[in-house]
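Participant:
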Amino acid sequence: MRFTDKICLVTGGTSGIGRAACVRLAAEGGTVVVVGRDRTEGTDTVRLITKAGGKAVFLVCDLAKPRAIAAMVKKALARYHRIDVLVNDAAMMTFDHLVDLPLAQWDVLMLVNLRSLAQLTQLCLPHMPAGSAIVAISSVHAHQTTASVVPYATSKGGLEAFVRGMSLELDRQQTRINAIAPGAVDTPMLWSNPNVKSGAEKIDKATVGTPEELAAAIAFMASDEASFVHGTTLVVDGGRLAQL
Numbered sequence: 017m018r019f020t021d022k023i024c025l026v027t028g029g030t031s032g033i034g035r036a037a038c039v040r041l042a043a044e045g046g047t048v049v050v051v052g053r054d055r056t057e058g059t060d061t062v063r064l065i066t067k068a069g070g071k072a073v074f075l076v077c078d079l080a081k082p083r084a085i086a087a088m089v090k091k092a093l094a095r096y097h098r099i100d101v102l103v104n105d106a107a108m109m110t111f112d113h114l115v116d117l118p119l120a121q122w123d124v125l126m127l128v129n130l131r132s133l134a135q136l137t138q139l140c141l142p143h144m145p146a147g148s149a150i151v152a153i154s155s156v157h158a159h160q161t162t163a164s165v166v167p168y169a170t171s172k173g174g175l176e177a178f179v180r181g182m183s184l185e186l187d188r189q190q191t192r193i194n195a196i197a198p199g200a201v202d203t204p205m206l207w208s209n210p211n212v213k214s215g216a217e218k219i220d221k222a223t224v225g226t227p228e229e230l231a232a233a234i235a236f237m238a239s240d241e242a243s244f245v246h247g248t249t250l251v252v253d254g255g256r257l258a259q260l
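The opening residue of the sequence shown carries number 17 in the working numbering; numbering runs sequentially from there.
1) Report the three-state DSSP secondary structure of P266 (helix, strand or coil).
2) For S148, which of helix, strand or coil comes out of DSSP?
3) From the DSSP output, read off the bridge partner residues of A196.
4) Spell out the partners DSSP gives L125 in its beta bridges.
5) Residue ranges of each beta strand (DSSP E) run of no fewer than 3 residues wholly in the segment 30 to 73, ordered along the chain?
6) For V2, which of helix, strand or coil comes out of DSSP?
7) Rounding to the nearest angstrom, what Cα-Cα distance links L136 and I219 in this structure?
8) What does the Cβ neighbour count give for R63, buried or exposed, with the cut at 16 atoms within 10 Å?
9) Can you give the Cα-Cα distance for A158 and L119, rounded to whole angstroms?
10) If you draw a straight line from the alpha carbon of F178 to that of P204, how long is it in whole angstroms?
11) Exposed or buried, which one is P145 when buried takes at least 16 other CB atoms within 10 Å?
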């Protein structure tokens with residue numbers, strides 16, 4: 017019960033890794049603020065948690081809209097007055113070569129994948145007590161990538177740079193910040209990827225993880241057990257990077 021009496025805000029909590037993280041944090045005693053765009057799926061996440069005896073609330077938010085992020089955080093703080101754990105999981109991908117990509121799509125992706133992390137960090141930090149933690153979800157694409165996902169890989173590389181830089185601005189005893197870089201994970205994002213469907217991106221089933229395996233890593237990084245881990249990226253990929 018590492019998160020008893022802690023308020024945990026998780027973006028992208030409506031499915032995949034984000035949902036699994038919400039369920040795991042709640043199972044360990046946390047009160048979870050589930051954040052996402054889809055009300056139905058968000059309600060489903062809350063239902064999974066409360067059915068198991070946990071505590072959660074859903075707040076709708078489109079992370080491409082800075083005003084929506086500000087309003088969502090304001091609601092969370094009005095209800096709970098603090099944030100002990102911030103998990104930034106929500107992300108999107110595009111699958112066009114850069115020369116064919118409308119720059120408006122680049123801008124939206126960067127808003128969701130990178131700017132939202134900066135804004136959430138800025139808004140939550142004044143309300144994060146000593147011992148709090150930020151966990152940002154990166155990707156192996158920040159380290160090795162494939163064609164046609166340049167915006168996504170760029171955003172994840174920027175996310176890891178943000179984590180390193182912010183660790184220099186934060187007192188580890190007050191708030192730690194780290195990233196987790198998943199490899200292939202059994203989520204809708206993986207199987208809807210046209211590169212995976214076409215075979216352009218090879219997936220070895222032996223290195224496909226479960227959302228629950230990633231949630232376990234997130235819970236560790238957010239817990240006091242990782243009190244000496246700060247400003248780094250934990251790769252959780254089943255050995256995928258060793259094969260790329």
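Heads up, the beta-carbon is just placed ideally off N, CA and C, and yes, glycines get one too.
Small disclaimer: the values here were computed from a predicted structure and weren't measured.
Facilitator: Reading it off the structure:
1) Nothing can be reported for residue 266, as the shown portion of the chain is limited to 17 through 260.
2) Residue state, collapsed to three classes: strand.
3) Correcting the residue type first, residue 196 is Ile in the shown sequence and not Ala. In the DSSP output, where bridge partners are listed per residue, I196 has I153 and L250.
4) L125 pairs with nothing; no bridge assigned.
5) Listed in chain order, the complete beta strand (DSSP E) runs (minimum 3 residues) inside the segment 30 to 73 are 47 to 52.
6) This structure leaves residue 2 out entirely; the chain is present only between 17 and 260.
7) Rounded to whole angstroms, L136 to I219 spans 33 Å at the Cα level.
8) It counts as exposed.
9) Spanning the alpha carbons of A158 and L119 requires a straight line of approximately 20 Å.
10) Going from the Cα of F178 to the Cα of P204 covers about 27 Å.
11) Exposed, since its Cβ has fewer than 16 Cβ neighbours within 10 Å.
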